[in-house]
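In what follows, a single structure is set out as structure tokens and then discussed.
So, in structure tokens, the structure goes:
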């Protein structure tokens, strides 16, 4: 099956610093990747859709200047939490769908998630 | 936006028994995909099963099967011969076949398996 690698799995940072999270599709190409935020015992909340070679599409209420998304290649998308504050502490998950091939089948494959703790 | 509803926040099942998790959705589209994902304590989202709306036959994957009722907009997951490793949060998800590839997730059902 398709593998999505997300790094780091856990990061602790000081308030005011920026944190970058990487999402890589290891064995397929993805023109679109998704970034979610998940609070404890809650569902996934879509933050933005990352499009290769173009600007990300943010969901309503998500600050695009705080959550910078870059999708520079067909296998890599990054989420940068800028000037992080304690309220940004959460679990962030990325996902990707193969855009062609036998793996496609309209499935989203998920990274293992990143736990962000802002002190 | 499509709405996906999971009305059972928590469910429990005895090991080796069968349990059914409910999911309903609201859409005006005729062509779409439905999914069940599992999120164990590790929090890695794992695809359990997938159903295309144009297929009348219910999808099955080993001990997991669905009851897809298109007219009723219902998509329940049946887990047979429950195992301890089945304990997890289960999310139902909807994806349009025509308008982008965004997923709409339900609020999840926490499944406990009792030894």
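Residue numbers (the working numbering), protein chains in the order written: chain E, 1 to 119; chain L, 120 to 234. Every residue, glycine too, gets a C-beta built ideally from N, C-alpha and C. In this text the structure is predicted, and so the values were computed from the model without any measurement.
Supposed close pair residue i, residue j - CB separation, criterion 8 Å
i: residue 197/L; j: residue 137/L; result: 6 Å
i: residue 108/E; j: residue 97/E; result: 5 Å
Nearest residue (CA-CA) to residue i, options the options
i: residue 46/E; options: 86/E, 110/E and 119/E; result: 110/E
i: residue 113/E; options: 106/E, 15/E, 20/E and 84/E; result: 20/E
i: residue 43/E; options: 144/L, 231/L and 225/L; result: 225/L
i: residue 121/L; options: 230/L, 220/L and 233/L; result: 220/L
i: residue 95/E; options: 87/E, 70/E, 39/E and 23/E; result: 23/E
i: residue 201/L; options: 194/L, 230/L and 124/L; result: 230/L
i: residue 92/E; options: 65/E, 116/E and 30/E; result: 116/E
i: residue 204/L; options: 232/L, 144/L and 181/L; result: 232/L
i: residue 206/L; options: 167/L, 216/L and 151/L; result: 167/L
Own chain partners of residue i with C-beta closer than 7 Å, once the 5 adjacent residues on each side are dropped
i: residue 191/L; result: none
6 Å CB neighbourhood of residue i in its chain, flanking five on each side removed
i: residue 140/L; result: 196, 209 and 228
i: residue 50/E; result: 33, 56, 69, 71 and 77
Other residues of its chain near residue i: CB distance less than 8 Å, five sequence neighbours each side excluded
i: residue 73/E; result: 52
i: residue 85/E; result: 15, 16 and 118
i: residue 218/L; result: 148
i: residue 29/E; result: 74, 75, 98, 99 and 100
i: residue 67/E; result: 35, 47, 48, 58, 79, 80, 81 and 82
Legend entry - Meets three-Cβ-pair contact criterion under 8 Å: the stretch 155-165 of chain L and the stretch 203-216 of chain L: yes
Inset, instruction - Let me know the beta strand (DSSP E) ranges lying completely inside the stretch 155-211 of chain L, each 3 residues or longer, listed in chain order. - result: 165-171, 183-188 and 193-198
Inset, instruction - Count the CB pairs spanning the stretch 78-96 of chain E and the stretch 6-18 of chain E that are closer than 8 Å, and state whether there are at least three. - result: yes
Legend entry - 3-residue-minimum beta strand (DSSP E) runs that sit fully inside the stretch 61-97 of chain E, ordered along the chain: 67-73, 76-81 and 90-96
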